[in-house]
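S.K.: Following this message is one structure expressed as C-alpha cells.
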Amino acid sequence: MASQFASVTSEEITQINDDAVPENTKKATKFGLAVFKEWFPIQKEFTTPSEEMSPPEQNKCLQKFYLSATKRDGSFYNKKSLTAIRAALDRHLRSPPFSKPFSIIGDSQFNDANISLSNFLKTLSKSGQIAPTMHKQPLTKEIVAKLYEEGELVDTDSLQPHKLQQTAWFFISLFLGKRGRENQQLLKRHMLVLRETPSGEKYLEMSRERGAVLATKTHQGGLDDKEDESNGKIFQRPSSKRCPVKLIEKCRIPSAAVYSRNREVRANRLTQQDMLCGWTVEDVKNCLTFQGFKEGTALFSNELDFGPADKVSGCKASSSLEDITTKSAAIVVLIFLEVNSMQDVTVEKHLYPLAKKLTVKYRSLGKDQLSVKIAKALISQGYIEVRSPVKCVEVNFLNLNRDIVCKKKDQLKSNYPDLEEYDDNGDTDSITTAFFFNLFWWF
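Mapped onto numbering that gives the first Met the number 0, the consecutive letters of the sequence shown carry residue numbers 0 to 442.
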C-alpha cells in the first residue's frame, strides 16, 4: 500500500532551506562577507577566524572592523551600507554550518561594537563625510501627467506595443504594489481578476485563491509571518482614454494572431509577448505602416538591433530581399551552417567555398559584405526559406530572427544527391558537413 507521506532526502531539505533565501539577500551576504575578509588579514590583533571566536573576542573584533571599513577609494561607507554589512555578517554566522546561537545585532554581548558603530556614523554625518539616506518621494498627479506628455505612458488606443506594455506594468506596480522583478516574473493571467462592485463599477485585483498569492519581501510565508492584508484595486475609468482596466485587459487578451516563440511556456505568463496578445493582424499592419518598424517588432522579438542605421532610417520595413541587413544575413548564414555564432564562421574556411558553389562573387569582400551576398543567394536559390511570423504580414528583411528562418534540406539534397542524409540522432555527418566536404574536394 502506498504511503501518504512523501520521502524527503537531506539534499532536498538543504535545497528547500537555500531556496527560501532571496537571491538579493544572498548577494548582500556575499558582499558584506567579502568586505570583512578583505579587512581581516590586514589587521594583526586578531588571529582566530571569526567563525571560531568567542562572543567577547568577536565583539572587540567587530568594534575595530566597523570603524576601519572604508571603500577602495578611501571614502567611508554610508549608514545603509555599514548596517547592511553588519546584517550580512550576522546572517553568515547564524546560518549553517556555523549556526551560532547569538546575534551580533541584537544581543547585549555585542553592545560595545554596536554603540561604537552608532557613534561613528553620527561623527561621519556631522563632519559631512557621509550623506544621509535619501528616500524617494511618492508619485504625484503632476509627475504622472508629465509621463504621458513625454510619451512614456500611452492611452489605451495607442499602436505602440512596447509602450502599452510599459503602461500596463506601471499601473500594476502603482496600484497593486508588487515589488521586485523576481515577483513580477511569476505573475500569471489568472492571478489578476476582474470584479464588479454592487453598483456595477469594474475593477482589477489580485486573486486570493490557492496558487495565485505570491510571497513578497515583507510577507514570505514563514511561521512568524503575518498575513498580507494589502487589498489593492485598480478601478475602471470608463470615460477616460487612460482607463487602466481597459488598457491592462487589452494587453492580456489571448489571440492566435500574434506570434509567440515559446507558446507553451508563455501560455499563462504576463510577459512582454503575452501582454501584447490582444493585437489583431490589422493592428500589426497599422503599427508597421504608421508607427515605425521598431514598435511593431516588439511583438515578435526582444532583439532591437535592426542592422545598419542607413537602411533602417531609409526604410522602416522592407519585404525586398535586396534590402536584407547585415544582422539578418548573419542569421541566414548561421542557420545554413548550423552554428551558433558568426565568431565560429571564417571567411576562407566557410564563406569562400560556399560563395563559389553558389556562384557568388567574393573577391575583395569582407566577412559582413560576403555574408549578405551569400544570404541572398541561399534564399533566392531555395536553400533557405523565410516564413512570415504572422499570416497576411509580409516578411521584413530588415530584422529577421531565427524562428522564421529554416533550411530546406530536401531542396539541398535534390540538387546534390551524393550528400549524406541528416541524422536526427545527433551524428556529426549532417548535410552541411557533407556539403562542405564536397566543396573542399572539388576546389
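Idealized CB from N, CA, C, for every residue including glycine.
1. Any idea if PHE4 is buried or exposed, counting beta-carbon neighbours within 10 angstroms, 16 or more meaning buried?
2. For THR345 and VAL371, what's the separation of their Cα atoms in angstroms?
3. Counting pairs of Cβ atoms below 8 Å between the region 147–161 and the region 237–244, do you hit three or more?
4. According to DSSP, is LYS232 helix, strand or coil?
5. From the DSSP secondary-structure annotation, give me the bridge partner or partners of MET205.
6. With a threshold of 16 other CB atoms inside 10 Å of the CB of PRO388, please say whether the residue is buried or exposed.
7. Roughly how many whole angstroms lie between the Cα atoms of VAL34 and ASN23?
8. Could you check where the beta strand (DSSP E) with ILE334 kicks off and where it finishes?
9. When you compare the region 84–101 with the region 130–141, are there three or more beta-carbon pairs, one atom per stretch, that lie closer than 8 Å?
10. Could you spell out the range, first to last residue, of the beta strand (DSSP E) harbouring GLU384?
11. What's the C-alpha gap between LYS201 and PHE169?
12. Using a threshold of 8 Å, state whether the C-beta atoms of LYS375 and LEU350 are closer than that.
13. Please determine, among GLU226, LYS245, MET190, the residue with the shortest C-alpha to C-alpha distance to PRO167.
14. May I have the straight-line CA-CA distance separating GLY277 from GLU248, to the nearest angstrom?
15. Between GLU347 and the rest of its own chain, which residues show a CB-CB distance below 6 Å, the 5 nearest in sequence each way excluded?
16. For VAL404, list the residues DSSP reports as bridge partners.
17. Which class does PRO307 belong to by DSSP, given the choice of helix, strand or coil?
18. Have a look at GLU337 and VAL192 and give me their C-alpha separation to the nearest angstrom.
19. Taking the Cβ atom as the reference point for each residue, do SER67 and GLN57 lie within a distance shorter than 8 Å?
20. Kindly provide the ranges of any alpha helix (DSSP H) runs that are 4 or more residues long and lie completely inside the region 64–107, ordered along the chain.
21. Following the continuous alpha helix (DSSP H) through ARG362, name the residue where it begins and the one where it ends.
22. Would you kindly work out how many angstroms separate the C-alpha atoms of VAL385 and VAL331, rounded to a whole number?
23. Are the Cβ atoms of VAL404 and SER318 separated by less than 8 Å?
24. When the Cα of GLY73 is compared with those of ILE129, TYR382, SER363, which residue comes out closest?
25. Could you check what DSSP says for GLN159 in three-state terms: helix, strand or coil?
26. Considering Cα atoms alone, identify which of VAL359, ILE383, GLU321, THR324 is closest to PHE335.
27. Using the C-alpha atoms, what's the distance from PRO96 back to GLN62?
28. Residues in the same chain with beta-carbon distance under 6 Å from LEU116, minus the five sequence neighbours each way, listed in chain order, please.
29. Please name the residue in ILE84, LYS406, GLN368, SER206 whose C-alpha comes closest to that of GLU37.
30. Under three-state DSSP, which class holds SER49?
31. Should ALA112 go down as buried or exposed, given a rule of 16 or more other Cβ atoms within 10 Å for buried?
32. Classify SER126: buried if its beta carbon has 16 or more other beta carbons within 10 angstroms, exposed otherwise.
33. Checking 8 Å against the spacing of the C-beta atoms, do THR325 and LEU397 come in under that value?
34. Determine the direct distance from the alpha carbon of VAL392 to that of LEU377, and round the result to whole angstroms.
35. Could you check what DSSP says for VAL371 in three-state terms: helix, strand or coil?
M.R.: Inspection of the coordinates gives the following:
1. exposed
2. 14 Å
3. yes
4. strand
5. LEU191
6. buried
7. 17 Å
8. Where ILE334 is concerned, there is no enclosing beta strand (DSSP E), although the alpha helix (DSSP H) it sits in stretches over 325–336.
9. no
10. 383–385
11. 19 Å
12. no
13. Pro is not the amino acid found at residue 167; the sequence shown has Ala there. Checking every option, the nearest Cα to that of ALA167 belongs to LYS245.
14. Interpretation of GLY277 is limited by its pLDDT of 43, a score under 50 that renders its predicted location unreliable; the figure taken from the coordinates is listed afterwards. About 8 Å.
15. none
16. VAL385
17. Unreliable placement is indicated for PRO307, whose pLDDT of 36 sits below 50; the coordinate value is still reported in the next sentence. The answer is coil: DSSP assigns PRO307 none of H, G, I, E or B.
18. 45 Å
19. no
20. 78–93
21. Where ARG362 is concerned, there is no enclosing alpha helix (DSSP H), given that its DSSP letter is neither H nor E.
22. 9 Å
23. no
24. ILE129
25. coil
26. ILE383
27. 24 Å
28. TYR65
29. ILE84
30. helix
31. buried
32. exposed
33. no
34. 22 Å
35. helix
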